[in-house]
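Residue numbers (my numbering): 855 to 1090. Here a beta-carbon is modelled for each residue, glycine too, at the ideal position from N, C-alpha and C. Heads up: the structure comes next, in structure tokens.
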Amino acid sequence: MILGTKTDLLSQCLEPLTTSTGDVPEVDVLVIDGAAIVNMLKPSTSRTFDNYADLIFCPYIRKHLETVARVDVVWDAYIDNSLKAATRSKRGKGIRRRVQGKNKIPQNLQSFLRDDDNKKELCSHKDADTRIMVHVSDAVKHGLKRVMIRTADTDVAVIAVSLFHEIGADELRLAFGSGKSFRYISIHDLSNALGIEISHRLPVFHAFTRCDTVSSFAGKGKKTAWETWMAFEDVK
């Protein structure tokens, strides 16, 4: 889910527990959701994929290396016959164009990014949502215990809250969303406020009440489901 385009778990259910500030938190490592950044960074005057990499994407990464010890960029690939593939097919087919350095970038970048074959050529990993947390865990094992994840995907936020207590980070934050919806979210504060048990069960709640591959109950949103969950001790 992308903040601002679909019902958002954090903004609707956990708003009292989220934190946002104009000050950039100090962290040791930044883990970036590559696909989210490509969607965010517009080509501007770049005409080819080489131009885009040299003038837009790589400078964005290098800029962050001025303030952190490590930057990991995590990509996901798209598997045929998967649940996510079925979901994406409902969104329509995008423009097909080979991703080669000298090729021109399509004017409609959003349509280009809807085509799974295009995305396969942009990256080579499996699912960024869960791979991000593997990178976070590796950074912590190497002594970098203040971590920031840059994403616009609610699934990543939910997974981060659920795994925080297992990873061993001192601080885990999200640089979340884009534009007017951008905010910093303190995952460690969220997870500590919810407690270990509810944090661990949060992905089940998220999937049960609608996520990328599961629809919601008619007329029952996440806020209603959350309030019901919090009201019944037996299901916590």
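Asked	Found
Extent of the continuous alpha helix (DSSP H) run through V881	Run containing V881: none; DSSP gives neither H nor E here.
Candidates K995, E920, K917, V927, of which the one nearest V892 by Cα	V927
Beta-carbon proximity check, D882 vs A923, cutoff 8 Å	yes
Closest residue to T899 among E1020, I910, K1074 (Cα-Cα distance)	I910
Same chain only: Cβ atoms within 6 Å of K1034, ignoring 5 sequence neighbours per side	none
Classification of D877 by the beta-carbon crowding that lies within 10 angstroms, buried from 16 upward	exposed
Where I1050 sits in the DSSP three-state scheme	helix
C-alpha distance - L1056 paired with W1083, whole-angstrom precision	11 Å
Helix, strand or coil at M1084 according to DSSP, with G and I counted as helix	helix
Distance between I1003 and V988 (C-alpha atoms, nearest Å)	12 Å
Proximity to V1010 [Cα-Cα], best of H996, R1027, K917	R1027
Which of helix, strand or coil DSSP assigns to L895	coil
Cβ neighbours of K999 in the same chain (closer than 6 Å, five flanking residues each side left out)	A1023, D1024
With 16 other Cβ atoms within 10 Å as the buried cut-off, status of V1058	exposed
Rounded distance between the beta-carbons of V1001 and S1053, thought under 8 Å	No, S1053 and V1001 are not in contact; Cβ-Cβ is about 16 Å, not under 8 Å.
Residue from L884, P913, D908 whose Cα sits closest to the Cα of A921	The displayed chain sequence assigns Thr, not Ala, to residue 921. Checked all of L884, P913, D908; the closest Cα to T921 is L884.
Closest residue to F1036 among G888, M894, E880 (Cα-Cα distance)	M894
Burial state of A907 (16 or more Cβ within 10 Å)	exposed
Exposure of P897, with buried meaning 16 or more beta-carbon neighbours within 10 Å	buried
Nearest to K995 (by Cα), restricted to the options T1005, E1020, D1007	E1020
Which of helix, strand or coil DSSP assigns to E1020	helix
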